[in-house]
Structures are given as C-alpha cells and as structure tokens.
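First residue of the sequence shown: 38, per my numbering; consecutive thereafter.
Backbone N, C-alpha and C fix where the C-beta goes; we use that ideal spot for every residue, glycine too.
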Amino acid sequence: MGSTRKSKRNYYLEDLPLKVAISEFQNALNNYPSIVLKTEMVKIAAAINRITALPVFAKISSPHYDSAAMDGVAVNSNNTNGATETNPKVLESGIDFAWVNTGDPIPKTFDSVIMIENIKQVENGIEIRSPIPPYYDVRPIGEDIVESQMILPSGHKMRVYDLGACAACGITEIEVRKLPKIAIIPTGSELIAPTHLAKAGQILEYNSLMLSSQIAEWGGSAITFPVVPDNSEKIQSSIKSALKDYDLVIVNAGSSAGAKDYTAHAIRSLGDVVVHGVAIKPGHPVILGIVSRKPVIGIPGYPVSAITTSELFVKPIIEKALGVQTVSRHKVKARLTRKLVSQFGNDEFIRLRLARIRGDLVATAIQRGAGVIMSLVEADGITKIPKLSEGIDSGSDIEVELIKHIDEINNTLVMVGSHDLTIDILSNLLKKQTLKSKITSSNIGSIAGLIALSKGEAHIAGCHLLEPITGNYNLDYVKKHMPKIPVSVITLVHRDQGLIVEDGNPLNITSIADLTKEDVRYVNRQRGAGTRVLLDYELSKNRITSDQVNGYTKEEYTHLAVAAAIKSRTVNVGLGIKSAAITMGLGFIPIVKERFDLVIPSDQIEIEPIKTMLEIIRSEQFKIEVNALGGYDTKESGDLVCKLSEPVNNND
Numbered sequence: 038m039g040s041t042r043k044s045k046r047n048y049y050l051e052d053l054p055l056k057v058a059i060s061e062f063q064n065a066l067n068n069y070p071s072i073v074l075k076t077e078m079v080k081i082a083a084a085i086n087r088i089t090a091l092p093v094f095a096k097i098s099s100p101h102y103d104s105a106a107m108d109g110v111a112v113n114s115n116n117t118n119g120a121t122e123t124n125p126k127v128l129e130s131g132i133d134f135a136w137v138n139t140g141d142p143i144p145k146t147f148d149s150v151i152m153i154e155n156i157k158q159v160e161n162g163i164e165i166r167s168p169i170p171p172y173y174d175v176r177p178i179g180e181d182i183v184e185s186q187m188i189l190p191s192g193h194k195m196r197v198y199d200l201g202a203c204a205a206c207g208i209t210e211i212e213v214r215k216l217p218k219i220a221i222i223p224t225g226s227e228l229i230a231p232t233h234l235a236k237a238g239q240i241l242e243y244n245s246l247m248l249s250s251q252i253a254e255w256g257g258s259a260i261t262f263p264v265v266p267d268n269s270e271k272i273q274s275s276i277k278s279a280l281k282d283y284d285l286v287i288v289n290a291g292s293s294a295g296a297k298d299y300t301a302h303a304i305r306s307l308g309d310v311v312v313h314g315v316a317i318k319p320g321h322p323v324i325l326g327i328v329s330r331k332p333v334i335g336i337p338g339y340p341v342s343a344i345t346t347s348e349l350f351v352k353p354i355i356e357k358a359l360g361v362q363t364v365s366r367h368k369v370k371a372r373l374t375r376k377l378v379s380q381f382g383n384d385e386f387i388r389l390r391l392a393r394i395r396g397d398l399v400a401t402a403i404q405r406g407a408g409v410i411m412s413l414v415e416a417d418g419i420t421k422i423p424k425l426s427e428g429i430d431s432g433s434d435i436e437v438e439l440i441k442h443i444d445e446i447n448n449t450l451v452m453v454g455s456h457d458l459t460i461d462i463l464s465n466l467l468k469k470q471t472l473k474s475k476i477t478s479s480n481i482g483s484i485a486g487l488i489a490l491s492k493g494e495a496h497i498a499g500c501h502l503l504e505p506i507t508g509n510y511n512l513d514y515v516k517k518h519m520p521k522i523p524v525s526v527i528t529l530v531h532r533d534q535g536l537i538v539e540d541g542n543p544l545n546i547t548s549i550a551d552l553t554k555e556d557v558r559y560v561n562r563q564r565g566a567g568t569r570v571l572l573d574y575e576l577s578k579n580r581i582t583s584d585q586v587n588g589y590t591k592e593e594y595t596h597l598a599v600a601a602a603i604k605s606r607t608v609n610v611g612l613g614i615k616s617a618a619i620t621m622g623l624g625f626i627p628i629v630k631e632r633f634d635l636v637i638p639s640d641q642i643e644i645e646p647i648k649t650m651l652e653i654i655r656s657e658q659f660k661i662e663v664n665a666l667g668g669y670d671t672k673e674s675g676d677l678v679c680k681l682s683e684p685v686n687n688n689d
C-alpha cells in the first residue's frame with residue numbers, strides 16, 4: 038500500500054530549510070501522476086471560479102444577426118445623401134424606412150439606423166437634416182464575438198464577465214477541471230465541537246473550519262471527518278478510509294513528538310514520511326507524506342501554525358492539480374516601529390498591523406505565538422524574517438505581504454496605550470458611519486502608549502495616569518513623555534476603577550488592605566499601565582509593599598483579561614474597571630473615579646477619520662451605548678481638557 042521510499046527520506050523533526058522541504062516533497066509527488074485530476078462538464082450557471090480544462094470556442098456569433106444599436110428608423114444610407122440643415126430630406130413611410138428598437142434585426146433592404154432624436158415626423162414620413170454612412174448605429178454579425186473564435190484559454194479561472202461572454206455566444210456548459218477533493222481529519226481526545234459550554238481540558242475544534250474555507254478559496258473541495266482520538270490505529274483507519282475517495286488528506290494535530298502525537302507514526306505505517314520538521318515558525322512540526330500514491334500532510338494543531346503550513350504546502354498541490362497559479366499578494370515597503378527578535382535558523386512569519394501615519398506606512402508586530410488566533414484576525418500583512426537573521430531593528434524598512442487592501446490600511450487609525458471597553462464601541466461606530474475607517478488598538482499601557490505616540494507609531498494614545506502628588510490625571514505624564522510635540526488632550530470617559538472580585542465575594546474583600554491576606558491571589562496589570570500606577574499609589578497610601586501582595590508579578594494586558602482570570606478562579610481579585618466586572622458577572626468594590634483621556638498630536642487632529650471619531654465621541658449614540666455598559670460617566674466625553682502648547686492648570 039505504501040511507497041517503497043522509506044527511512045532514507047524521513048527527516049524526523051529536523052530543521053529542514055523551507056525551500057529544501059518544498060523541493061523534496063514536490064519531487065516525491067512528481068513520481069505519482071495519478072494525483073492529476075480529471076475533468077467534468079458543468080453548466081455555465083455553476084461555473085463561477087472554476088478552471089477551464091480546454092479552450093472554449095464560440096458556438097455562434099454575437100450578435101448573430103445585424104441588429105439596431107439604437108431606437109430609431111432603419112434606412113438605406115444611399116437615400117440619405119443630400120440632406121442638410123437648409124435642405125432637409127423627407128423619407129416616405131413604408132418605403133424609405135422602417136421603425137426599429139435597439140436589438141431589432143435590420144431589414145434586408147436597409148443598412149443603417151437614424152436615432153429617433155435626429156428625425157422629425159412629418160405628414161408623409163420623416164424629415165432628416167444630415168446624411169449617414171453605411172452601417173451607422175448597426176451592430177453587424179460578430180461585432181463582439183465571431184463563431185468559432187476562442188473565447189477563453191485552458192487553465193482560465195471563470196469570472197463573472199466570462200460567464201456572460203460564454204452565454205452570449207451560445208455556450209451552455211463547459212469542461213472544467215474537477216475540484217481537488219481534500220479530507221480533513223481532526224485528531225485529539227480533548228477536541229469538541231465549538232460551544233460556549235466547554236469545560237477545562239476541552240479544546241474547541243475550529244481548525245477544520247478555517248482549513249476547509251482556505252481550500253475553498255484556492256479552488257478545492259474539502260470535507261471534515263469526525264474527530265479521531267489520540268490513537269495511532271484509529272488515525273490510520275481514518276486515513277485509509279479518506280484515501281479511497283479523496284485526492285489529498287490532511288491530518289490535523291499530533292504532528293510533533295509528544296507522548297500523544299501519533300500522526301507521523303500513522304502515516305509512516307501506511308506509506309512514506311518524506312519530511313517531518315521544517316525550519317519555519319510557526320509550523321515547525323509539519324509532516325509531508327505519501328500514502329497510496331497520494332499526499333498526506335500532518336498539519337500542526339495550533340491555529341496559526343495550521344493556517345501557515347496549509348498555505349505553504351497544501352495550496353501548491355491544489356494549484357498544480359488545477360493547472361493554475363494564484364496571483365501573489367501585493368507587497369509594500371513599511372517602517373518597522375519596534376525591534377523584532379527571531380530565532381536563528383528558522384524562517385519566521387510575523388503578522389503585522391499597518392497604518393499610514395504622516396504619509397509613511399508603519400508596521401507593528403502583533404502578539405506572536407502559534408496559538409494566537411486573533412493575530413490572524415487583526416493582521417494587515419505578513420513579513421518574513423530569514424532563517425539566517427536574528428531579527429530586524431526598529432526603524433528598518435521591511436517588505437510586507439498584504440493580507441488586507443491598501444485602501445483599508447490607509448483609513449486605519451492606530452490607538453495605543455491603555456485599554457478600555459468603550460474603544461470597541463467607538464471603533465464600531467466609526468466603521469458604521471464611514472464604511473471605511475476603523476480603529477486598531479494596541480493595549481501596551483498608558484506610559485508605553487505615550488512613548489509610542491511620541492515616536493510617530495500611532496495617531497492616538499489612550500491614558501489614565503494618576504499623578505500621586507497633585508492628584509492630576511495624564512497631563513504631567515504627557516508633558517514628561519511628549520515635551521516637544523503639541524497635542525490636544527480630550528476626555529473619552531470618566532470611569533469607575535476598583536477591585537474586581539469573584540461573584541458573591543467569598544473572601545470578603547472590601548479594600549486594598551485585604552490584598553495582603555494569605556488566601557488572596559491577586560492579578561496585576563503590566564508595567565506602565567495606568568491601572569498599575571493607581572495600584573502602586575493605593576499600596577503606598579496604605580503603607581503596603583508589593584512583596585506583601587500575592588500575585589503582584591502576575592500580569593495581564595487588559596481589564597477583560599483580568600476579569601477572565603478571576604472568573605476562572607485562578608486568582609481572586611484584580612484592580613480594574615467596573616464595566617469589565619459587569620461583563621464577566623463578577624463583583625466590584627469601587628476605589629476611584631478616574632478620567633480616561635485621548636492624546637492626539639495637533640498635526641493629526643484635523644485628519645478626516647479623527648474629526649469623525651471626535652464627532653462620534655460627542656454623539657448621543659456613543660453615550661447611550663457606553664452608559665449601557667455600566668461604570669461610566671459620559672458628561673464630559675469629547676471635551677477638550679487642554680492643548681499642551683498652552684499653560685496647564687495644575688488644579689485640574
């Protein structure tokens with residue numbers, strides 16, 4: 038059943054260079070022409086996006102008769118000679134002309150059409166004031182398409198216009214390449230169907246949904262088999278079953294070398310493992326095999342790895358089977374905002390956010406990790422760090438392969454700094470109102486946000502930084518971190534900050550002092566976050582050191598992440614906003630009402646998306662939606678706190 042090419046071609050979890058791995062696998066597949074697909078006839082109505090197997094020739098001409106191109110009268114052009122403005126000519130009804138509408142056949146005795154706008158009806162017929170040449174406003178036979186003309190070549194992807202052209206010349210069905218049939222076999226005893234009722238230890242299986250959709254985009258047809266538990270014999274059985282009817286088999290997960298990773302063993306037991314382990318991140322443990330003369334690919338279980346390896350190894354097989362090559366994504370140059378460090382020896386694919394700031398395209402890496410699915414959702418583009426590099430310095434120009442259209446990127450506002458739930462509302466309303474503008478937010482903390490803004494890495498920074506000595510919010514920090522940049526400071530909201538606790542508050546936590554209790558486990562925000570500054574202020578005020586707080590070093594980057602950790606009971610308490618506690622169904626002990634401001638450089642405040650954003654912040658709709666969250670005061674939303682080129686009121 039398997040091939041005869043065994044261990045000498047088995048690279049088990051080695052760092053095989055990407056180009057070498059692709060070449061090895063393609064060479065192995067070239068020995069099996071049986072994977073070339075057959076053709077089928079399909080109706081034109083079902084041919085969109087299908088690939089023509091043969092050239093397509095017109096069965097009839099279009100138009101297939103001489104027809105009127107305009108509403109008017111059909112005439113013999115010779116009879117119009119001599120007509121002028123000063124000496125009009127009368128054509129007799131029933132003899133010299135015939136009335137026609139657009140698309141009507143031209144009577145054999147006539148050769149031209151005069152538009153109805155250019156004639157004057159008189160008692161015995163029509164009056165004309167200029168001559169016309171032969172075939173004027175007439176569509177002759179074959180003007181568009183001539184019978185037997187080649188309409189489309191083989192290997193052509195059918196578009197909307199192609200369907201129309203085929204139908205126009207009498208074609209009702211065409212021969213196309215059959216869709217490659219691909220089986221996806223999810224593996225893992227812990228996998229369950231997507232649900233909001235998952236228990237600890239259960240993993241939602243959604244890779245097959247993404248992979249099948251990818252395959253459909255590339256021109257294949259995928260079906261997902263039932264989840265197979267971590268058992269080599271059962272995985273083998275599922276592979277054998279799939280190979281009976283499918284051209285390619287994807288086994289998802291179990292591709293590494295752990296105690297429950299059986300995919301490589303299952304493929305090797307049935308055929309040949311050509312490659313196991315490619316020097317890429319994410320996706321290192323991918324398996325490239327052949328069983329029963331067909332490709333069987335072990336795709337890693339982490340979602341980003343799954344998407345990456347599918348594009349690198351599954352897509353080329355589909356394209357070859359269809360005889361096409363998809364157009365490469367558009368590439369642009371962008372300035373990297375922060376240094377990227379990479380492991381030497383691996384080609385690493387980095388997801389990026391992109392935006393146009395002061396005319397320059399800037400790129401910021403999104404959270405890395407093979408399991409971070411949101412990095413794919415939020416990514417505008419991808420850059421590759423070559424395997425012989427250890428990273429890229431900030432400020433470097435990099436090549437970026439675009440995932441989203443450049444117009445969408447050019448209309449993106451980048452907001453960095455502190456996290457707040459109202460930013461999601463603002464982003465949604467901005468997109469809804471403009472249809473094109475959006476906000477991407479990076480929750481790096483208030484201080485880091487101001488620093489990034491000062492470097493030209495964003496349009497806006499959100500912050501809520503308390504100055505312990507004066508009791509002011511934000512202004513002293515803005516002056517410190519952006520001393521030479523004129524900015525406007527605008528209030529987004531006032532909000533309640535306090536201790537988020539478990540529902541029912543079983544540990545009876547009532548104040549900051551309770552964080553020192555032995556049975557209390559705290560979760561903190563990251564360094565530079567306004568919430569962390571507030572905590573440190575409250576601890577100092579209560580004469581508590583950070584060492585006395587169990588969990589002070591455990592960090593999360595958003596209020597919702599803090600609330601989620603408390604809801605999961607991995608911790609008991611964290612400082613955060615009331616709306617996050619309400620969203621997660623948790624308890625809340627108020628500590629302070631604080632002002633959350635947006636800091637906007639003066640040279641950016643007049644750009645159209647920001648002007649629209651500020652209008653939305655001042656709108657009733659925004660205030661209604663924000664107040665519905667709970668824990669907010671929107672009376673000053675949209676108000677200008679100050680322009681930092683002007684004197685600051687220290688009693689603010």
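- Residue pairing of Tyr669 in beta bridges, as defined by DSSP: Arg532.
- Contact check for Ile324 and Ile334: beta-carbon distance about 7 Å, within the 8 Å limit, so the pair qualifies.
- For the pair Ile327 and Ala65, the CB atoms are nearer than the 8 Å cut-off.
- Straight-line measurement puts the Cα of Val453 at about 14 Å from the Cα of Val399.
- Taking C-beta separations shorter than 8 Å and ignoring five residues to either side along the sequence, the partners of Ser577 in its chain run Pro505, following chain order.
- Proximity to Lys492 across Tyr559, Ala83, His501, Asp397 peaks at Asp397, based on C-alpha coordinates.
- For the pair Val286 and Lys331, the CB atoms are nearer than the 8 Å cut-off.
- Under a 10 Å Cβ-count criterion, Phe262 is classified as buried, with 16 or more other Cβ atoms of the shown protein chains found around its own Cβ.
- Residue environment analysis places Thr123 among the exposed positions, since fewer than 16 neighbouring C-beta atoms fall within 10 angstroms of its C-beta.
- Note on geometry: alpha-carbon atoms of Gln273 and Ala220 lie some 14 Å from one another.
- Taking 4 residues as the shortest admissible run, the segment 154-228 contains the following complete alpha helix (DSSP H) segments, listed from N- to C-terminal end: 197-205.
- Residue Phe350 holds the alpha-carbon nearest to the alpha-carbon of Leu55 among Phe350, Ala205, Lys96.
- Annotated as proximal: Thr224 and Ala290, with beta-carbon spacing under 8 Å.
- Unbroken beta strand (DSSP E) stretches of 3 residues or longer found wholly inside the segment 328-362: 331-336, given in chain order.
- Boundaries of the alpha helix (DSSP H) around Ile446: 443-447.
- Under the 8 Å Cβ criterion, the segment 493-512 does not count as touching the segment 586-603, having fewer than three qualifying pairs.
- Take Phe381, set aside five residues on each side of it, and the residues of its chain with a beta-carbon closer than 6 Å to its own are Glu427, in chain order.
- In the structure shown, Tyr514 falls within a helical segment according to DSSP collapsed to helix, strand and coil.
- In the DSSP assignment, Asn244 falls within the unbroken alpha helix (DSSP H) covering 244-255.
- Sixteen is the threshold: when 16 or more other Cβ atoms of the shown chains lie within 10 Å of the Cβ of Ser616, as they do, the residue is buried.
- By the CB criterion at 8 Å, Val361 and Gly192 fall inside the cutoff.
- Per the coordinates, the alpha-carbon of Arg196 lies some 59 Å from the alpha-carbon of Leu572.
- With respect to Ile527, Ile637 sits close: the two C-beta atoms are nearer than 8 Å.
- No Cβ-Cβ contact shorter than 8 Å links Ile354 with Ala343.
- Measuring C-alpha to C-alpha distances from Arg390 to each of Arg532, Gly256, Arg375, Asp384 identifies Arg375 as the nearest.
- Burial check for Leu373: the Cβ neighbour count within 10 Å reaches 16 or more, so the residue is buried.
- In this structure, Leu248 and Ile240 do not form a Cβ contact; the two beta carbons are roughly 16 Å apart against a cut-off of 8 Å.
- Secondary structure at Glu657: helix, using DSSP grouped into helix, strand and coil.
- For Phe625, the enclosing beta strand (DSSP E) begins and ends at 624-638.
- Taking C-beta atoms as the reference points, Ala402 and Leu377 count as a pair closer than 8 Å.
- Glu494 and Asn448 have their C-alpha atoms some 15 Å from each other.
- Taking a C-beta distance under 8 Å as the contact criterion, Ile443 and Ala371 do not qualify as a contact pair.
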